[in-house]
Each structure stands twice: as structure tokens, then as C-alpha cells.
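**Student:**
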């Protein structure tokens, strides 16, 4: 899924201003310009559109975890993993919103997307695990839709 779409979804879901997005990235010790945020949020065919890089998305999602759960200053910051995958985005969102397996299923059910327990757990396995499954754009899009329904509904 395009990082810009994830950013737009989270922004809408949490009703965040551009300045708030900058502040969330700052929680992960990443400096983001407000002008860049505005460019990330534009549609692809709009003038001034800027593609949101994997690096920006990784830091933003790490900042979102700190924003929602707090930052443990006693623990050193973990390095970001690049390239950013749908699986990593899903995992960071799950951590940020403190979602358990049942929550994940109800969120996907609310979006009309049925996933079995083994399919869901396979999304959170390490890439070299034999039961690892890549998270498709459709699943991530439906998860974001269901999470938005849960938070804004």
C-alpha cells in the first residue's frame, strides 16, 4: 500500500492536523517539515504531491506508538526497518492501538473482510518463518477502514 494512503488514513482516523503529524514524528526523533506533510497528504495527481518515503512512514508509525502508549526513556530507540512493508505497518498500528487478536478480527469483520486466525497470525511472523504471509494492500486498506470505524464510529 502507498505510504501516503496510510498517512491519510491515520490522519483522518485520529483527526490530526499537519502540525500534530510533525509532532508525532518528532516523538521518534525524526524532523519532518509541515510543508512536506501537506505535500504527502495531496492526491497523486495534485500539484505539489510528494511521495512519502519508507523512512518517513517508519518514523511516523514509531512516533504514533509513543504518542498512543508513551515512551520508555530507559529503553534505547530501536532502529527502523527498511523497506517498509504492509506487514510492518500493520504490526506498528497493532502495537500503537494495543490491539489483541480478537480486536484485529473484529476490526476486519467491521470492514467486511474475513480472515482466519492462522491467516492473521501468519502476518505477524518473521519473514523467514515457514508460515509467514505477506500482508496485501486490500487487507491493510480494510484494516485501516475498520479501525477508523472503531475509533470514529
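Residue numbers (my numbering): 1 to 153.
For every residue, glycine included, the Cβ atom is placed at its ideal position computed from N, Cα and C.
(1) So, are the CB atoms of residue 30 and residue 59 less than 9 Å apart?
(2) According to DSSP, is residue 51 helix, strand or coil?
(3) Compare the beta carbon distance of residue 6 and residue 66 with 9 Å and say whether it is the shorter of the two.
(4) Would you give the residue range spanned by the alpha helix (DSSP H) that residue 146 belongs to?
(5) Name the two residues that bound the continuous alpha helix (DSSP H) containing residue 5.
(6) I'd like to check one pair, residue 54 with residue 32: are the Cβ atoms closer than 9 Å?
(7) Go to residue 118, then tell me how far its alpha helix (DSSP H) extends in each direction, as first and last residue.
(8) Please look up how many angstroms separate the CB atoms of residue 144 and residue 9, rounded, as I've assumed it's under 8 Å.
(9) With DSSP collapsed to three states, give me the class of residue 60.
(10) Using beta-carbon positions only, say whether residue 105 and residue 117 come within less than 9 Å of one another.
(11) List the whole-angstrom C-beta distance separating residue 51 from residue 4, where the pair is believed to meet the contact cut-off of C-beta under 8 Å.
(12) Measuring CB to CB, does residue 96 end up less than 9 Å from residue 71?
(13) Residue range of the alpha helix (DSSP H) that residue 80 falls in?
(14) Tell me which same chain residues have a C-beta within less than 7 Å of the C-beta of residue 141, skipping the five on either side of it?
(15) Alpha carbon to alpha carbon, how far is residue 45 from residue 138?
**Tutor:** Taking the definition as stated:
(1) Closer than 9 Å, so yes.
(2) coil
(3) no
(4) 137-152
(5) 3-14
(6) no
(7) 117-123
(8) 4 Å
(9) DSSP places residue 60 in helix when its eight states are reduced to three.
(10) yes
(11) So it is a contact: roughly 7 Å between Cβ atoms.
(12) no
(13) Premise fails: residue 80 is in no alpha helix (DSSP H) and is neither H nor E.
(14) 1
(15) 22 Å
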